[in-house]
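Student: I'd like to ask some things about the structure below.
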Amino acid sequence: MGDDTWAALAGQFADGAYASVKGRVRTYVLHRQLLAHLPPPPATVLDVGGGAGHQSFPLAAAGYDVTLLDSSPAMLDKARDRLTPELRDRVTFVRADGEHAEEAVGGRRFDAVLCHGVLGYLERPEPLADQLCRCAATGGVVSIMTGNADAMAVRPALEQRWEDALAAFDARREIGVLGVPTRADTVGELSGILRGRGVEPVAWYGVWLFVDWLGFGGVEVDPADVERVAAVEFEAGRRDPYRRLSRVFHLVGRKA
Numbered sequence: 005m006g007d008d009t010w011a012a013l014a015g016q017f018a019d020g021a022y023a024s025v026k027g028r029v030r031t032y033v034l035h036r037q038l039l040a041h042l043p044p045p046p047a048t049v050l051d052v053g054g055g056a057g058h059q060s061f062p063l064a065a066a067g068y069d070v071t072l073l074d075s076s077p078a079m080l081d082k083a084r085d086r087l088t089p090e091l092r093d094r095v096t097f098v099r100a101d102g103e104h105a106e107e108a109v110g111g112r113r114f115d116a117v118l119c120h121g122v123l124g125y126l127e128r129p130e131p132l133a134d135q136l137c138r139c140a141a142t143g144g145v146v147s148i149m150t151g152n153a154d155a156m157a158v159r160p161a162l163e164q165r166w167e168d169a170l171a172a173f174d175a176r177r178e179i180g181v182l183g184v185p186t187r188a189d190t191v192g193e194l195s196g197i198l199r200g201r202g203v204e205p206v207a208w209y210g211v212w213l214f215v216d217w218l219g220f221g222g223v224e225v226d227p228a229d230v231e232r233v234a235a236v237e238f239e240a241g242r243r244d245p246y247r248r249l250s251r252v253f254h255l256v257g258r259k260a
């Protein structure tokens with residue numbers, strides 16, 4: 005397993021990023037997008053790289069049987085601290101790298117496999133995508149959220165880093181908001197990867213647009229406006245041309 009590279013960032017990630025307006029909007033938007041594709045509870049859900057459970061715990065609260073898999077002991081500790089007593093019977097924790105998910109869950113197949121915000125930290129998407137598709141049951145959903153390579157110039161432009169913005173039109177990598185190197189994908193390329201593993205893409209969405217732009221432009225969104233912001237972001241995420249300019253995208257597929 006190696007050292008816990010997320011230990012120093014666990015608090016910043018779980019208590020800071022997800023607690024922010026942008027983090028809360030992300031959770032809300034992804035949750036609504038997911039519910040349009042998931043089978044009804046108590047279907048089984050595997051959250052690969054699930055961190056502190058911000059995305060999968062709401063599913064557990066809705067009645068789903070959740071397995072949260074993460075390689076970071078620090079992040080799993082955060083998840084256990086956040087888990088409320090009434091959800092303990094619906095959530096199982098597994099410590100493992102996503103690239104070994106199938107072995108870590110004993111070959112079990114799930115009605116839905118989630119992997120949100122993980123691919124961008126890997127050198128290549130294929131090994132993890134292979135595991136996600138393997139862990140999905142026949143007819144099961146595979147849900148991936150990752151950076152949008154077609155919108156890489158937006159952030160540096162809004163931060164008025166003009167030389168960086170010019171270079172970013174053809175870039176795939178940047179230093180992310182947590183100070184960690186990240187890599188972006190395209191919807192077309194990732195769709196092809198899933199198809200090659202027996203999962204047919206059925207929908208894709210944007211996740212962050214306006215709230216992202218405002219943040220990078222130095223404008224703070226009022227926390228009291230979270231619900232209204234989230235409603236606007238949800239609509240933008242399913243419409244062109246808005247979704248194409250979102251900094252991250254959400255791709256949903258179904259295993260044949």
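Residue 213 in my numbering sits at position 209 of the sequence shown, with consecutive numbering throughout.
In this text, a Cβ means the ideal position worked out from N, Cα and C, and glycines have one as well.
#1: Restricting to Cα atoms, I'd like to know which of E103, R177, A153 is closest to V52.
#2: Is the beta carbon of W212 sitting closer than 8 Å to the one on R30?
#3: Tell me the rounded alpha-carbon separation between F114 and T142.
#4: Quick one: Cα of S147 to Cα of P89, how far?
#5: From Q135 to R243, what distance separates their C-alpha atoms?
#6: Could you name each continuous beta strand (DSSP E) segment of 3 residues or more that falls completely within the region 103-182, going from the start of the chain to the end?
#7: Helix, strand or coil: which one does DSSP assign to E224?
#8: With three or more C-beta pairs closer than 8 Å as the rule, is the region 214-230 touching the region 187-204?
#9: Return yes when the Cβ of G121 is within less than 8 Å of the Cβ of M79, no when it is not.
#10: Determine the extent of the alpha helix (DSSP H) in which D85 is found, giving its start and end residues.
#11: Span of the beta strand (DSSP E) holding E204?
#12: Take A108 and list the residues in its own chain whose beta-carbon comes closer than 7 Å to its own, dropping the five residues that flank it on each side.
#13: On the three-state DSSP scale, how would you describe M5?
#14: Out of curiosity, what's the CA-to-CA distance linking G224 and L118?
#15: Does D229 come out as helix, strand or coil in the three-state DSSP assignment?
#16: Please identify the residue among R165, H41, G27, V49 whose C-alpha is closest to the C-alpha of L255.
#17: Out of V25, T48, T71, point me to the one whose CA is closest to R232's CA.
#18: By the 10 Å Cβ neighbour count, where 16 or more other Cβ atoms means buried, how is L39 classified, buried or exposed?
#19: What does R92 pair with, by DSSP beta-bridge criteria?
#20: Go ahead and label P129 buried or exposed: buried means 16 or more other beta carbons lie within 10 angstroms of its beta carbon, across all protein chains shown.
#21: Any idea which residues DSSP pairs P185 with across the strands?
#22: Please go through the same chain and pick out, in chain order, the residues whose beta-carbon is closer than 7 Å to the beta-carbon of L63, but skip the five residues on each side of it.
#23: Report yes if the C-beta distance between A240 and A188 is below 8 Å; otherwise report no.
Tutor: In terms of the structure at hand:
#1: Translated into positions along the sequence shown, residue 52 becomes position 48. Per the Cα distances, E103.
#2: Working through the sequence shown from its first residue, we reach residue 212 at position 208. Working through the sequence shown from its first residue, we reach residue 30 at position 26. For W212 and R30, yes; Cβs fall inside 8 Å.
#3: Position 110 of the sequence shown, counting from 1, holds the residue named residue 114. Position 138 of the sequence shown, counting from 1, holds the residue named residue 142. Rounded to whole angstroms, F114 to T142 spans 9 Å at the Cα level.
#4: Position 143 of the sequence shown, counted from the start, is the residue given in the question as residue 147. Position 85 of the sequence shown, counted from the start, is the residue given in the question as residue 89. Looking at the two C-alpha atoms, the distance is approximately 27 Å.
#5: Looking up residue 135 in the sequence shown gives position 131. Looking up residue 243 in the sequence shown gives position 239. Straight through space, the alpha carbons of R243 and Q135 are spaced by roughly 30 Å.
#6: Counting only runs of 3 or more, we get 114-120, 140-151, 177-179.
#7: Locating residue 224 in the sequence shown gives position 220, where the first residue counts as 1. In the three-state DSSP reduction, E224 falls in the coil class, being neither helix nor strand.
#8: With a cut-off of 8 Å, the region 214-230 and the region 187-204 do not count as touching, because too few Cβ pairs lie within range.
#9: For the purposes of this step, residue 79 is identified with residue 75 of the sequence shown, where counting begins at 1. For the purposes of this step, residue 121 is identified with residue 117 of the sequence shown, where counting begins at 1. No.
#10: Counted from its first residue, the sequence shown places residue 85 at position 81. Per DSSP, D85 belongs to the alpha helix (DSSP H) from 77-86.
#11: Numbered from its first residue, the sequence shown carries residue 204 at position 200. Where E204 is concerned, the enclosing beta strand (DSSP E) stretches over 203-210.
#12: Residue 108 sits at position 104 when you count from the first residue of the sequence shown. These residues qualify, in order along the chain: L73, V98, A100.
#13: In the sequence shown, counting from the first residue as 1, residue 5 sits at position 1. Because the pLDDT at M5 is just 42, under 50, the model does not fix this residue reliably, and the value given afterwards should be weighed accordingly. Residue state, collapsed to three classes: coil.
#14: Reading the sequence shown from its first residue, position 220 is the one you call residue 224. Reading the sequence shown from its first residue, position 114 is the one you call residue 118. Correcting the residue identity first, residue 224 is Glu in this sequence and not Gly. Approximately 30 Å between the Cα atoms of the pair.
#15: Working through the sequence shown from its first residue, we reach residue 229 at position 225. In the structure shown, D229 falls within a helical segment according to DSSP collapsed to helix, strand and coil.
#16: To locate residue 255, count along the sequence shown from 1; it is residue 251. Of all alpha-carbon atoms in R165, H41, G27, V49, the one lying nearest the alpha-carbon of L255 is that of H41.
#17: Your numbering for residue 232 matches position 228 in the sequence shown. Comparing Cα positions, the closest option is V25.
#18: The sequence position of residue 39 within the sequence shown is 35, counting from 1. Exposed.
#19: Taking the first residue of the sequence shown as 1, we reach residue 92 at position 88. In the DSSP output, where bridge partners are listed per residue, R92 has none listed.
#20: If you number the sequence shown from 1, residue 129 lands on position 125. Buried, by the Cβ-count rule.
#21: As a first step, residue 185 must be located in the sequence shown, where it is residue number 181. Under DSSP, P185 forms a beta bridge with I179.
#22: Along the sequence shown, read from residue 1 onward, the residue named residue 63 stands at position 59. The residues are V49, V70.
#23: In the sequence shown, the residue the question calls residue 240 occupies position 236. In the sequence shown, the residue the question calls residue 188 occupies position 184. Not in contact: A240 and A188 (Cβ atoms no closer than 8 Å).
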